[in-house]
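Residue numbers (my numbering): 322 to 547.
Okay, here's the thing in structure tokens:
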């Protein structure tokens, strides 16, 4: 069972971010997840792309996963490649030429993902399913941290897993939004691999940030055995 813990730095306190990122690294976070929001695709603004450079300089061994919540995702690719991004995903409804953009991302040596929103049909992924390295299933409406997981995301995940099987592809499936331990276990049992963790699993937990991060995979794996 592959479980990738990708804490979203949108959940960090801006005043304590350096310390909290260090705790995530000590907690063996698999990836750092960066929400890059332009204030237009979603009504929020996060982060400067420069954070990718700083993360890679301090923690070169930890992949950085950039989630583009922007109206013009193609305009960010060259800069993010220069800054050292390892994974870049974009919203399918934000880009008219999705296959071209995936090719562009791959051309910079970066893994490419597409994101499907709760209001979009899973079969909209069909035209790009042969190209992507991962698919991000939004389990909340995009734009803000701390929202609750939408229960209808579970049957949507099952549909996405079926699409993967039918396509014969081995792309990863990422779960993004309101992930708590109960839903993480449900998603793992269905076949999801990447978890964008936040306040319900890693941040603001009684055992502390580092230990909660260390515990996440073990809790998911043990939950799948029950």
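Cβ coordinates follow ideal geometry from the N, Cα and C atoms, glycine included. Fair warning: this is a prediction, and the values are worked out from it, not measured in the lab.
Cα-Cα separation, residue 360 to residue 392: Their backbone Cα atoms lie some 9 Å apart in a straight line.
Integer Cβ distance of residue 459 from residue 437, believed to fall under 8 Å: The Cβ separation is near 7 Å, so the contact holds.
Neighbour-count burial assignment, residue 344, 16 or more Cβ in a 10 Å radius: Residue 344 should be labelled buried.
Straight-line gap, residue 390 to residue 511 (C-alpha atoms, nearest Å): Rounded to whole angstroms, residue 390 to residue 511 spans 26 Å at the Cα level.
Of the residues 418, 340, 495 and 412, the one placed nearest residue 326, counting alpha carbons only: Each of 418, 340, 495 and 412 was checked against the Cα of residue 326, and the nearest Cα belongs to 495.
Under 9 Å between C-beta atoms of residue 351 and residue 384: Their beta carbons are under 9 Å apart, which means residue 351 touches residue 384 by this criterion.
Other residues of its chain near residue 416: CB distance less than 8 Å, five sequence neighbours each side excluded: The residues 394, 395 and 422, in chain order, have a CB closer than 8 Å to that of residue 416 in the same chain once the five nearest residues on each side in sequence are set aside.
8 Å CB neighbourhood of residue 530 in its chain, flanking five on each side removed: The residues are 341, 344, 345, 348, 523 and 524.
Cβ-based burial, residue 431 [other Cβ within 10 Å; buried from 16]: Under this definition residue 431 is a buried residue.
Nearest candidate by alpha-carbon position, reference residue 388, set 440, 537, 330 and 377: The option with the nearest alpha carbon to residue 388 is 330.
Buried versus exposed, by CB contacts within 10 Å (16 or more), residue 498: Residue 498 is classed as buried because its beta carbon has at least 16 other beta carbons within 10 Å across all chains shown.
9 Å Cβ cutoff met for residue 453 and residue 474: Not a contact, by the Cβ cut-off of 9 Å.
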